[in-house]
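Using this note's numbering, the first residue of the sequence shown is number 15, and each one after it goes up by one.
For glycine and all other residues, C-beta sits at the position ideal for the given N, C-alpha and C.
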Amino acid sequence: LPVKTRDEVGELTRSFNSMVHQLKERSQMKAAMNLAMEVQQNLLPRQDPQVDGLDIAGTSIYCDETGGDYYDYIRYETGTSEGNPLAVVVGDVSGHGVPSALLMATARAFIRQLSYLAGSIAEVVSDVNHLLTRDVEESSSFMTLFYLSVDISARRLHWVRAGHDPAIYYDPVTDRFDYLVGQGIPMGVDADWTFEENQKDYLRPGQIIVIGTDGIWESRNAEGIMF
């Protein structure tokens with residue numbers, strides 16, 4: 015609106031014009047964030063894989079439009095990992111919002127590309143860390159990761175823990191909870207770090223493995239106690 019006076023009416027008109035401009039910018043930013051959310055959601059698995067002998071379920075719910083939480087299923091369909099038809103990867107990028115989402119997308123691309131090459135999962139995580147560190151060394155960002163590979167034929171688990179919370183392992187026969195632990199720092203801290211591969215044998219029907227992020231573990235119940 016044109017400002018024709020210098021009194022209260024003119025001041026109100028100027029404020030109104032400024033508000034309209036800010037609302038337009040806010041609307042454009044909201045549209046961009048919604049698009050970013052749609053793109054990132056499409057990077058997550060659209061459905062859980064069907065693997066004989068396994069019952070698999072996964073989900074991720076962001077508290078903002080975008081975030082750094084990441085999970086994925088790696089299907090070894092090219093024969094690069096005989097006996098290990100599936101790997102489950104769960105990660106968490108430091109921070110929130112668009113910067114974390116961009117780093118998450120970069121890490122996903124590295125993980126998927128290197129997982130289909132020959133080599134152990136420890137070598138995969140070590141190579142991803144080397145590439146990721148070069149990208150984030152100026153920003154001090156980092157990413158924790160838990161990479162789990164399931165060997166159906168040998169009834170064995172292989173995993174690499176890169177600074178992530180341990181997976182929870184439950185055996186209904188012994189009615190006991192255990193943790194899949196291991197040495198390893200977050201990715202993006204030391205480009206030359208060599209990650210270790212851990213192993214657990216004697217998989218049996220009914221056993222349950224839960225992998226999560228601090229979005230689950232640090233959530234609080236009605237009494238204010240963290241899960």
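Sub-8 Å separation of residue i and residue j beta-carbons
i: Val195; j: Arg175; result: yes
i: Phe124; j: Leu146; result: yes
i: Thr188; j: Asp83; result: no
i: Ile320; j: Gly67; result: Within the shown structure, residues of the chain are numbered from 15 to 241, placing residue 320 beyond reach of any answer.
i: Glu211; j: Ser134; result: yes
i: Gly202; j: Met157; result: yes
i: Ile70; j: Leu162; result: no
i: Leu117; j: Ser154; result: no
i: Leu37; j: Thr27; result: no
i: Ser74; j: Leu58; result: yes
i: Ile199; j: Phe191; result: no
i: His172; j: Gln213; result: yes
i: Asp141; j: Thr120; result: no
i: Tyr193; j: Ile222; result: no
i: Gly24; j: Val34; result: no
Run of the alpha helix (DSSP H) containing residue i, from where it starts to where it stops
i: Trp231; result: Asp228 to Trp231
Delimiting residues of the beta strand (DSSP E) encompassing residue i
i: Tyr216; result: It is not in any beta strand (DSSP E) - Tyr216 carries neither H nor E in the DSSP assignment.
i: Tyr183; result: Ala181 to Asp185
i: Ile88; result: Asp83 to Arg89
i: Arg193; result: First, the residue type needs correcting, since residue 193 is Tyr and not Arg in the sequence shown. Arg190 to Leu194 is the extent of the beta strand (DSSP E) around Tyr193.
i: His172; result: Arg170 to Ala176
i: Val203; result: Per DSSP, Val203 belongs to no beta strand (DSSP E) and is neither H nor E.
i: Ile223; result: Ile222 to Val224
Cβ neighbours of residue i in the same chain (closer than 6 Å, five flanking residues each side left out)
i: Asp86; result: Val103
i: Asp204; result: none
i: Glu232; result: Met240
i: Gly220; result: Pro186
i: Ser29; result: none
i: Gly105; result: Tyr84, Met157 and Leu159
i: Pro180; result: Tyr193, Leu194 and Val195
Beta-carbon proximity list for residue i, same chain, < 7 Å, skipping 5 on both sides
i: Gln197; result: Glu210
i: Asn235; result: Phe241
i: Leu128; result: Val138, Asp141 and Val142
i: Val164; result: Leu68, Asn98, Leu100 and Leu171
Other residues of its chain near residue i: CB distance less than 8 Å, five sequence neighbours each side excluded
i: Pro63; result: Ile70, Tyr87, Arg89 and Leu100
i: Pro113; result: Ser153 and Ser155
i: Thr208; result: Ala136 and Ser140
i: Trp206; result: First, the amino acid is wrong: residue 206 is Asp here, not Trp. The answer, listed in chain order, is His144.
Tell me the start and end of each unbroken alpha helix (DSSP H) in the stretch 105-156 that is at least 4 residues and wholly inside, in chain order.
DSSP runs (the alpha helix (DSSP H)) wholly in the stretch 105-156: 111-129 and 135-150.
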